[in-house]
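**Q** Sharing a structure with you now.
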Amino acid sequence: MTDRKNGQDSARVPTLRWEGGPEGQLWLIDQTLLPLEVREIACRTVQAVWDAIKRLAVRGAPAIGVSAAYGVVLGLQAASPPSPAGWLAAAEAAADHLATSRPTAVNLFWALNRMRQRARELASQGASDLPGQLLREAQAIEAEDQAMCRAIGLAGAALLPADCGVLTHCNAGGLATADYGTALAVFFAAHEQGKTLRVFADETRPLLQGARLTSWECQQRGLDVTVICDSMAAQVMREGRIQAVVVGADRIAANGDTANKIGTYSVAVLARHHGIPFYVAAPSSTFDWEISSGQEIPIEHRQAEEISRGFGRQTVPTGVKVYNPAFDVTPHDLITAFITERGVIMPPFAVNLPTRLRVG
Ligand code: MRU
1 MTDRKNGQDS
11 ARVPTLRWEG
21 GPEGQLWLID
31 QTLLPLEVRE
41 IACRTVQAVW
51 DAIKRLAVRG
61 APAIGVSAAY
71 GVVLGLQAAS
81 PPSPAGWLAA
91 AEAAADHLAT
101 SRPTAVNLFW
111 ALNRMRQRAR
121 ELASQGASDL
131 PGQLLREAQA
141 IEAEDQAMCR
151 AIGLAGAALL
161 PADCGVLTHC
171 NAGGLATADY
181 GTALAVFFAA
191 HEQGKTLRVF
201 ADETRPLLQG
211 ARLTSWECQQ
221 RGLDVTVICD
231 SMAAQVMREG
241 RIQAVVVGAD
251 RIAANGDTAN
261 KIGTYSVAVL
271 ARHHGIPFYV
281 AAPSSTFDWE
291 ISSGQEIPIE
301 HRQAEEISRG
311 FGRQTVPTGV
321 KVYNPAFDVT
331 PHDLITAFIT
341 ERGVIMPPFA
351 VNLPTRLRVG
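My numbering applies: residue 1 is where the sequence shown begins, and numbers increase by one.
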């Protein structure tokens with residue numbers, strides 16, 4: 001694995017990028033090092049991409065999906081023999097392995113299934129340039145994600161008053177997508193339109209995506225941003241500082257129940273109590289039409305040390321139990337609207353979501 005260090009200014013460093021042709025490599029910003037250091041790491045094997053996803057060097061539902069798509073292209077480089085059948089076997093093996101990295105974000109499985117389907121089509125045609133064509137498929141997934149993020153930003157910006165306080169949880173910005181973000185795209189677009197925003201970023205225990213990543217992205221783009229502890233959100237709302245909550249999503253069931261970073265559900269309850277609109281911003285690749293409600297969403301559980309020894313210092317007595325679900329599910333009735341690349345979708349979600357978003 002090669003590193004490229006770029007100081008703290010990431011203005012020109014993309015979250016992820018493919019370098020070269022089908023024999024090339026995937027570069028990722030190692031997000032575990034932010035905000036202190038912007039360092040790119042090169043992934044040259046499927047296992048390197050798997051590790052990067054697992055340890056959250058790359059994270060956020062759409063960014064995981066795009067990275068995994070490129071991971072399949074890396075898998076083809078080791079195909080033996082380098083023939084349509086060999087490439088298909090390598091693509092299937094890479095997709096199977098990458099699918100075990102993290103369970104909750106459906107974008108991972110969506111992107112892997114798309115790569116599988118394309119590989120099967122190409123292999124059945126005996127395509128001699130299957131690696132090149134699969135690289136183009138991964139690049140299309142990346143480009144589509146970028147376009148969806150821009151559309152989400154424009155659709156969501158229209159919902160925000162000209163002068164307002166907004167709160168978000170975790171990081172749903174350019175670091176979590178191929179570019180620009182989902183929830184943060186709404187803030188970025190409103191800011192670019194000249195609206196005055198005061199962004200409050202929940203720090204997002206235990207891995208501090210809000211404190212480390214959201215505040216950093218907002219600062220890079222010149223937004224007014226304030227980090228608060230997760231436990232302060234109720235007080236900040238009661239003080240009248242928040243006019244809208246916007247969060248991202250990892251998987252949305254057909255009825256609108258939404259899995260996102262642990263703590264999102266509490267924020268939705270607080271928003272309802274204080275009469276504040278609660279918006280979920282997500283591309284269509286985050287909707288899982290196979291499941292009817294949030295009860296079916298698999299929730300990732302992560303190691304105890306993220307809580308008991310977060311960022312290096314032990315804060316829980318040795319031997320005490322720790323519970324660490326990485327996501328929770330916000331019931332659809334706490335959600336005011338979904339902000340998607342196809343516009344803002346209002347309730348009833350069980351009717352309006354599939355009508356507006358489902359293809360086929
Ligand atoms: O564990 P993470 O950091 O991958 O969790 C990320 C989130 O929960 C994001 O809010 C979600 O993936 C949406 S990103 C556009």
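Glycine included, C-beta positions come from ideal geometry on N, C-alpha and C.
Take residue 102 and list the residues in its own chain whose beta-carbon comes closer than 8 Å to its own, dropping the five residues that flank it on each side.
**A** Apart from the 5 residues on each side of it in sequence, residue 102 sits with its Cβ closer than 8 Å to the Cβ of 53, 54, 64, 108, 300 in its chain, given in chain order.
**Q** Inspect the beta-carbon positions of residue 138 and residue 15 and report whether they are closer than 8 Å.
**A** For residue 138 and residue 15, no; Cβs fall outside 8 Å.
**Q** Does DSSP classify residue 38 as helix, strand or coil?
**A** Three-state DSSP puts residue 38 in coil, outside helix and strand.
**Q** Can you check whether the CB of residue 46 is closer than 8 Å to the CB of residue 75?
**A** yes
**Q** Does the Cβ of residue 1 have 16 or more other Cβ atoms within 10 Å, making it buried, or fewer, making it exposed?
**A** With a pLDDT of 41 at residue 1, under the threshold of 50, the modelled position of this residue cannot be trusted; read the value that follows with caution. So residue 1 counts as exposed.
**Q** Judging by CA-CA distance, which residue of 205, 215, 351, 352 is the nearest neighbour of residue 325?
**A** 205
**Q** Can the beta-carbon of residue 68 be found closer than 8 Å to that of residue 111?
**A** yes
**Q** Under a three-way DSSP split, which group does residue 13 fall into?
**A** It is coil, neither helix nor strand.
**Q** By the DSSP assignment, the beta strand (DSSP E) with residue 219 in it spans what residues?
**A** Residue range 215 to 220 is occupied by the alpha helix (DSSP H) that includes residue 219, with no beta strand (DSSP E) assigned at that position.
**Q** Could you name the residues of the same chain whose beta carbon sits closer than 8 Å to that of residue 56, not counting the 5 residues immediately before and after it, in chain order?
**A** Closer than 8 Å at the Cβ level, and outside the excluded window around residue 56, lie 31, 32, 207.
**Q** Using CA coordinates, which residue listed in 342, 34, 337, 153 is at the minimum distance from residue 350?
**A** 337
**Q** Please state the DSSP three-state secondary structure of residue 249.
**A** coil
**Q** Please list, in chain order, all residues of the same chain as residue 364 whose beta carbon is under 7 Å from its beta carbon, the five residues on each side excluded.
**A** The question about residue 364 has no answer, for the chain in this structure spans 1 to 360.
**Q** Give the straight-line distance between the Cα atoms of residue 118 and residue 155, rounded to the nearest whole angstrom.
**A** 31 Å
**Q** Within the same chain, show all residues whose beta-carbon is closer than 6 Å to that of residue 163, passing over the 5 residues directly before and after it, in chain order.
**A** 196
**Q** Span of the beta strand (DSSP E) holding residue 136?
**A** Premise fails: residue 136 lies in the alpha helix (DSSP H), 130 to 157, not in any beta strand (DSSP E).
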